[in-house]
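Read the structure below first, then the notes.
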Amino acid sequence: RLGGREVEASVGVQVRSDFITNGLFRDARRMRLQTVRRDRIDETSFGLWVEGKAQLHDKLRATAGARVDHYLFDVHSDNPANSGNDRATLFSPRAGIAFGPFASTELYLNGGFGFHSNDARGVTSRDDPATPAPLDGMRVTPLVRARGAELGLRTTALAGLQSTVSLWYLDSDSELIFVGDAGNTQASRASERWGIEFANHYQPCRWLLLDADAAVSRALFQDQDPAGRHVPNAVGLTANAGITLLGAHGFASLRMRHFGRRSLIEDDSVRSSATTLFNLRLGCALSGATNLSLDVLNLFDAKDQDIAYSYTSRLAGEPASGVDDVHFHPVEPFMLRLTFEARF
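And the structure:
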């Protein structure tokens, strides 16, 4: 306690190392014909964070913290010009306050700095693997700064119902574009995103759980480039809902996931289709230490798009310049998955 008020302090350390070997190949009927690029990637990150929480008043809490992240990138490529190493460090402070509860309702405000790390290959590459032409300064920044804020409300005013609604804003110094045919990444323009999220969890009785979440957002590049301002593949609408039945020795759960249409190019003239999937899960306890569950994935065998891109490609008989079209990877088909779990 400090000055008669409750204070809590936390300190943490995080270390992660990834050792990756990957490659990009031209192939026909799953037979490799040519290597576009092959890389061995070693990436290690160290994070040190500190956070303090203080009860300033019976109805007012404050949180403040900071984090320092240090990244090491080491890439060994089949093209020596794309090999190399780099390092980067960022300091990210953040803070928040919460008012309440008032009638089982709390209002909160959070803000701070963050970042996203970029593909190590884009950090060290000097030549375009597909041409190979010099990238002329198109190497990406290892760590990209972001700034964000959130204003929200949490309530349990209705018996059995937990609800949260929040407004948020995110400002990023750069978006990252992966060029699949070349196997490299490119830094794009600065962007801003904002949206609203609504989450609900309801348990009207001991054997029934209902939950529903929805989010609407908008993502735009900050400058006024003639190409357009829409961030490709940014999802504007998502929704999740589920119903769970609980029994003495088992459960059944049905879940729905929905992703709205997405802009595929900057001027929003080409858009993906929406995706809606249903999954079913049944489970039971065989004993105190063993469980059995059955997942039915893509229950209605939807043929929706998992991910889609718009770019120029060419098939036999098409013009030499190619045709602009939507290319997509379908969702996983109807699938059964049986899981046996034992704890010891």
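So the number in the working numbering is just where the residue sits in the sequence shown, counting from 1, plus 1210.
Don't be surprised by glycine CBs; every beta carbon is placed ideally from N, CA and C.
Query                                                                                                      : Result
Element boundaries [beta strand (DSSP E), containing arginine 1331]                                        : Arginine 1331 -> not in any beta strand (DSSP E); alpha helix (DSSP H) instead, spanning 1330–1334.
Aspartate 1296 beta carbon less than 8 Å from that of proline 1344                                         : no
Pairwise C-alpha distance: alanine 1359 and glycine 1433                                                   : The residue you asked about is not glycine; residue 1433 is aspartate in the sequence shown. Spanning the two alpha carbons is a distance of roughly 21 Å.
Close Cβ partners of alanine 1356 (< 8 Å) along its chain, the five nearest in sequence each way excluded  : Phe1323, Gly1324, Phe1325, His1326, Leu1380, Asp1381, Ser1382, Asp1383
Coil, strand or helix - asparagine 1289 by DSSP                                                            : coil
Cβ-Cβ distance between glycine 1233 and arginine 1247 below 8 Å                                            : yes
Residue closest to phenylalanine 1283, alpha-carbon to alpha-carbon, out of Pro1290, Ser1427, Ala1298      : Ala1298
For tryptophan 1417, the three-state DSSP class (helix, strand or coil)                                    : coil
Range covered by the beta strand (DSSP E) that runs through valine 1536                                    : 1533–1540
Neighbourhood of alanine 1495 by C-beta, 7 Å cutoff - its chain only, sequence neighbours within 5 removed : His1459, Gly1460, Asn1501
DSSP three-state assignment for proline 1344, whether helix, strand or coil                                : strand
Beta-bridge partners of histidine 1326, as assigned by DSSP                                                : Val1354
Euclidean distance between Cα positions of aspartate 1511 and phenylalanine 1544                           : 5 Å
Buried/exposed call for glycine 1370, threshold 16 Cβ in 10 Å                                              : exposed
Three-state secondary structure assigned by DSSP to asparagine 1450                                        : strand
CB of glutamate 1402 within 8 Å of CB of histidine 1440, strictly                                          : no
Beta-carbon proximity list for serine 1523, same chain, < 7 Å, skipping 5 on both sides                    : Gly1532, Val1533, Asp1535, His1537
Beta-carbon proximity check, serine 1463 vs glutamine 1515, cutoff 8 Å                                     : no
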